[in-house]
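Using our numbering, you'd call the opening residue of the sequence shown number 40 and step up by one each time.
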Amino acid sequence: MSVRDRYEMVIGLEVHCELKTASKIFCSCPTAFGAEPNTQCCPVCTGLPGALPVLNRQAVAYAVKAGLATNCRIASHSRQDRKNYFYPDLPKGYQISQFDRPLCENGFLEIETEAGSKRIGITRIHIEEDAGKLVHIEGQGTLVDCNRCGVPLIEIVSEPDLRSAEETKAYLRKLRAVLLYTGVSDCRMNEGSMRCDVNLSVRRRGEETLGTRTEMKNLNSFQFISRAIAFEFARQVDALEAGEPVVQETRRFDQASGRTLPMRRKEDADDYRYFPDPDLPPIAVSREELDALRGEIPALPDERKRRYVGRWGLTPFAAELLTLRREAADYFEETAALTRFPALAANLIQSAAVPLLGQDGGSIPLPPAHMAQIADLLGEGGINSGTARRLVRELWDTGRDPLETVRAEGLGQLSDREALTALAREALVELPRAAGDYRNGRTAALQSLVGRVMRKTAGRGNPALLQEIFRSLLG
Numbered sequence: 040m041s042v043r044d045r046y047e048m049v050i051g052l053e054v055h056c057e058l059k060t061a062s063k064i065f066c067s068c069p070t071a072f073g074a075e076p077n078t079q080c081c082p083v084c085t086g087l088p089g090a091l092p093v094l095n096r097q098a099v100a101y102a103v104k105a106g107l108a109t110n111c112r113i114a115s116h117s118r119q120d121r122k123n124y125f126y127p128d129l130p131k132g133y134q135i136s137q138f139d140r141p142l143c144e145n146g147f148l149e150i151e152t153e154a155g156s157k158r159i160g161i162t163r164i165h166i167e168e169d170a171g172k173l174v175h176i177e178g179q180g181t182l183v184d185c186n187r188c189g190v191p192l193i194e195i196v197s198e199p200d201l202r203s204a205e206e207t208k209a210y211l212r213k214l215r216a217v218l219l220y221t222g223v224s225d226c227r228m229n230e231g232s233m234r235c236d237v238n239l240s241v242r243r244r245g246e247e248t249l250g251t252r253t254e255m256k257n258l259n260s261f262q263f264i265s266r267a268i269a270f271e272f273a274r275q276v277d278a279l280e281a282g283e284p285v286v287q288e289t290r291r292f293d294q295a296s297g298r299t300l301p302m303r304r305k306e307d308a309d310d311y312r313y314f315p316d317p318d319l320p321p322i323a324v325s326r327e328e329l330d331a332l333r334g335e336i337p338a339l340p341d342e343r344k345r346r347y348v349g350r351w352g353l354t355p356f357a358a359e360l361l362t363l364r365r366e367a368a369d370y371f372e373e374t375a376a377l378t379r380f381p382a383l384a385a386n387l388i389q390s391a392a393v394p395l396l397g398q399d400g401g402s403i404p405l406p407p408a409h410m411a412q413i414a415d416l417l418g419e420g421g422i423n424s425g426t427a428r429r430l431v432r433e434l435w436d437t438g439r440d441p442l443e444t445v446r447a448e449g450l451g452q453l454s455d456r457e458a459l460t461a462l463a464r465e466a467l468v469e470l471p472r473a474a475g476d477y478r479n480g481r482t483a484a485l486q487s488l489v490g491r492v493m494r495k496t497a498g499r500g501n502p503a504l505l506q507e508i509f510r511s512l513l514g
């Protein structure tokens, strides 16, 4: 066991998501992304004297729906507070947020990783306004764009229940899916409408006391989150092993070097001098409003996952992956009704179709009936898995029939034992080292031999039959 294996990481997340309202949270300015700088702001969102805020009730409705979808308790009365700090992108000198009386509390999300299921607690969800954006111009200075000032946000604070980068990404993907299903945010990380602060500490395995945490700010891609967690975990462990203290501070992730770098000492709540905003009344959510919003929430990923496992025999992990994209889950349900091999269809959708959709999604142009035909061909042994994925790619938006394509292009799977045995013997002559490695116990070498025959057959060989043939020939 290495030195680092003796430690575990403890992670809690603060996720900021822009709500998909047409106007800002306290004024009527639009929230469209990409407008010319300082063209979507007014005296209210720039904090001019005498300008008074008026709460956008649609932002409250979206926040409540997010809370219901994450199993939170919704407060009948909550309060908005001023969070006081100075920064150039905060023209008022304070941010309107929520402190000790948030809108949503005590929720959770169930995540699924290859290690199994785990419940991640959600401490709270509160509404707040976004700050502006600093634009740094090299050699000239820094400009402030106030378009983002006052854009409505929810901050979703998790319990420190995460223990790895894998769990962290699974939680974020699940949270993103829930918010997309409910329609409260578009969660476009590349546009900054979903941003993540990672709070991380380390402790020796088996200990209960939490270590000193650092906060990594504004991570906006899963790749950066993984890299930042890996570096920060190693940095803190190395510091403790060297007898150095871990400083409670805010850090940023440098994409070029893959390192986290210090920004400032971590503030406590007292540093922000929270107090109730005197210009805004408490937020009241009636029982009738709560029931109406609950009725607007569609079937969420967990409900669909249970149905896919029970009705169509998917594994919990496969069902979890599929339900993370609503368009993929909708498409699967249409396809599953048309095929005798729904689990194979689910795998094809996840492995071949979803990557073609891109990050922002959209509808799958391949008709569900055609996906069902491809799954049936695969399940019946008419084609192999490589050909099935190829068909999904090639027929993506052509409208061509899969059965006719397989016949016309000769894509059917080769399962003639005699012919495949002859090709396998050729491969053994051509790859004597791989054959020797397999005989010496390196079973992974079998894939090289199978791959050689697959190339000889233009990808049409039966992989399972080839493995059986090679095992027989190699004794």
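By construction, the Cβ of each residue, glycine as well, lies at the ideal position given by its N, Cα and C atoms.
Whole-angstrom C-beta distance between residue j and residue i, which should lie under 8 Å
i, j, result
"Ala384", "Leu405", "Actually they are not in contact, since the Cβ atoms of Ala384 and Leu405 sit about 11 Å apart, beyond 8 Å."
"Arg158", "Phe147", "5 Å"
"Ala414", "Leu387", "6 Å"
"Gly418", "Gly451", "At roughly 14 Å, the Cβ-Cβ gap does not stay under 8 Å, so Gly418 and Gly451 are not in contact."
"Gln137", "Ser117", "6 Å"
"Glu288", "Arg274", "So it is not a contact: roughly 12 Å between Cβ atoms."
"Glu144", "Arg112", "5 Å"
"Asp309", "Arg121", "Going by Cβ atoms, the distance from Asp309 to Arg121 rounds to 14 Å, so no, they are not a contact pair."
"Leu329", "Ile193", "Actually they do not touch by this definition, with Cβ atoms about 17 Å apart."
Option nearest residue i by Cα separation, candidates the options
i, options, result
"Ser19", "Arg274, Asp236, Pro141", "Residue 19 lies beyond the range of the chain shown here (40 to 514); nothing can be said about it."
"Pro337", "Ala368, Thr70, Thr289", "Ala368"
"Val42", "Arg429, Asp277, Gly514", "Asp277"
"Asp225", "Arg364, Phe356, Phe65, Gly180", "Arg364"
"Ser37", "Gln119, Val183, Glu206", "Since the first and last residues shown for the chain are 40 and 514, residue 37 lies out of range."
"Arg456", "Glu443, Phe65, Ser511, His409", "Ser511"
"Leu107", "Ala458, Leu332, Ser117", "Leu332"
"Gln119", "Tyr313, Gln179, Ile113, Gln294", "Tyr313"
"Ser390", "Pro127, Arg140, Gly425, Arg472", "Gly425"
"Asn501", "Leu470, Ala463, Val468, Ala473", "Ala463"
"Glu26", "Arg491, Leu94, Glu373, Gly86", "Nothing about residue 26 can be reported from this structure: the residues present for the chain run from 40 to 514 only."
"Asp139", "Asn123, Leu470, His165", "His165"
"Asn238", "Met228, Thr221, Phe292", "Phe292"
"Arg323", "Glu469, Val99, Thr60", "Here residue 323 is Ala; the residue named in the question, Arg, does not match the sequence. Nearest option by C-alpha distance: Val99."
"Pro301", "Arg428, Ala90, Ala267, Glu465", "Ala267"
Alpha helix (DSSP H) segment containing residue i, residue limits
i, result
"Arg36", "Any answer about residue 36 is impossible in this case: the structure gives the chain only from 40 up to 514."
"Ser203", "No alpha helix (DSSP H) holds Ser203; DSSP gives it neither H nor E."
"Glu457", "456 to 469"
"Lys344", "340 to 351"
"Lys495", "484 to 495"
"Pro511", "Per the sequence shown, residue 511 should be read as Ser rather than Pro. 502 to 512 is the extent of the alpha helix (DSSP H) around Ser511."
"Thr60", "Premise fails: Thr60 is in no alpha helix (DSSP H) and is neither H nor E."
"Gly418", "407 to 418"
"Leu11", "The structure shown does not extend to residue 11, since the chain is modelled only from 40 through 514, so no value can be given for it."
"Pro381", "381 to 387"
"Gly425", "424 to 433"
"Thr444", "441 to 448"
"Phe371", "365 to 375"
"Leu395", "393 to 396"
Nearest-angstrom Cα separation, counted from residue j out to residue i
i, j, result
"Ile161", "Glu149", "11 Å"
"Ile508", "Arg432", "30 Å"
"Trp351", "Ala375", "8 Å"
"Arg242", "Leu279", "9 Å"
"Ala71", "Asn257", "20 Å"
"Gln506", "Leu430", "24 Å"
"Val408", "Met233", "At residue 408 the sequence reads Ala, which differs from the Val that was named. Rounded to the nearest angstrom, the two C-alpha atoms are 35 Å apart."
"Asp169", "Arg345", "37 Å"
"Gln262", "Val54", "16 Å"
"Glu252", "Pro82", "The identity of residue 252 in the sequence shown is Arg, whereas the question assumes Glu. Each residue's Cα considered, the two are about 38 Å apart."
"Leu52", "Met255", "10 Å"
"Leu201", "Gly178", "42 Å"
"Met410", "Thr354", "20 Å"
"Asp341", "Pro381", "19 Å"
"Thr299", "Gly401", "35 Å"
"Arg446", "Leu339", "40 Å"
"Thr362", "Pro320", "39 Å"
"Cys185", "Leu129", "8 Å"
"Ser33", "Leu396", "No information on residue 33 is available, as it lies outside the stretch 40 to 514 that the chain covers here."
"Ile176", "Leu182", "8 Å"
"Thr221", "Met228", "17 Å"
Residue i, enclosing beta strand (DSSP E) - first and last residue
i, result
"Asn238", "233 to 243"
"Leu182", "180 to 184"
"Pro191", "191 to 197"
"Thr535", "Within the shown structure, residues of the chain are numbered from 40 to 514, placing residue 535 beyond reach of any answer."
"Arg163", "155 to 168"
beta-carbon residue i near the ligand FMN non-hydrogen atom, thresh 7 Å
i, result
"Pro320", "Absence of the ligand FMN is noted for the structure shown, with no ligands found whatsoever."
Please list the segments of the beta strand (DSSP E) lying wholly inside the region 102 to 144, counting only runs of 3 or more residues, in order along the chain.
DSSP runs (the beta strand (DSSP E)) wholly in the region 102 to 144: 120 to 123, 133 to 136.
Unbroken stretches of the alpha helix (DSSP H), 4 residues or longer, contained in the region 258 to 303
Within the region 258 to 303, the complete alpha helix (DSSP H) runs of at least 4 residues are 261 to 280.
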